[in-house]
Amino acid sequence: MLSHAFTLVTLLSSLLVASAQRNITVNETDSAITYVDAGDASICKYDSDGNIVGGQAACYNVLPTGCTDSVAMSQQKTASASLKFNGSAIYINSLMYSVSPLYTVTLDGKETEVDGFADVMLFSCEKPLFSQSGLDPTVEHEIALATKGVSPSTATNQTGAVFSLISFVYTQDNSTNSATTSAEPSTESDNGVPGLLVDSLQTILGLFITLGFAQVLDVVVL
């Protein structure tokens, strides 16, 4: 009985912590992002038969189709994008391909090399290019993504690379005042559960603390 009660309390506590956070996506078209030698690019469109629609000069072929609606691209060696944010974690989403570069990610002045290479046939929405958690959510952070050079994983005759940014995503506590963030977020998604359920979980957890495990387990049906 007590082991089941402990498990239930642990689960409830985890859900309440998760519900106190949200992910804010800053898409590549957001004015909060500062670019150098990079910008919005055209993604190739397909018809219902899976054929590329004609008249799309200089579009980028991305698979799976629809994995992103927009992307910033550049073939310049000096391409970069940066964002200021308040949050406890940060993620960078990018198209990855065999011509993707070796990147430098600079977070609060600390540089990290990240290889954007992917052994795929076309530009692909892979897992996040970069992620970092454990940040102080009460202070402003700055992150920058920049082309460093050709990926060491590419063919030996490859001389250029294609910079790509789909979005920055940062995790923010719901208690954090949104006015302190520098970005006007494109989308928001709760990491936890709806507010009504949160209230119910808080009530149940309070009953455990006040009445004890055995009494609450007799009256609570999940």
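The numbering used here puts the first residue of the sequence shown at 1477, with every later residue one more than the last.
We put the CB at the ideal spot given by N, CA and C, even for glycine.
Note that this is a predicted model, so its numbers are computed, not measured.
In this structure, does DSSP put cysteine 1535 in helix, strand or coil? coil
Candidates Gly1531, Val1512, Val1547 and Leu1583: which alpha carbon is nearest aspartate 1612's? Leu1583
Contiguous beta strand (DSSP E) assignments of at least 3 residues, all confined to the segment 1595 to 1639: 1599 to 1601, 1606 to 1609 and 1616 to 1626
What whole-angstrom Cβ distance do leucine 1714 and serine 1640 have, given they're in contact under 8 Å? The shown model of the chain, from 1477 to 1698, leaves out residue 1714, and the question about it has no answer.
What would DSSP say about serine 1711, mapped onto helix, strand or coil? Nothing about residue 1711 can be reported from this structure: the residues present for the chain run from 1477 to 1698 only.
For glycine 1515, three-class secondary structure by DSSP: strand
Spatial distance of glutamate 1589 from threonine 1635 (CA atoms): 19 Å
Are there three or more Cβ pairs, one per stretch, closer than 8 Å when the segment 1621 to 1631 is compared with the segment 1534 to 1548? no
Which first and last residues belong to the beta strand (DSSP E) in which serine 1556 is found? 1556 to 1562
Spatial distance of arginine 1699 from tyrosine 1511 (CA atoms): No answer is possible for residue 1699: the residues shown for the chain start at 1477 and end at 1698.
Distance check for serine 1600 and cysteine 1520, CA to CA, integer angstroms please. 13 Å
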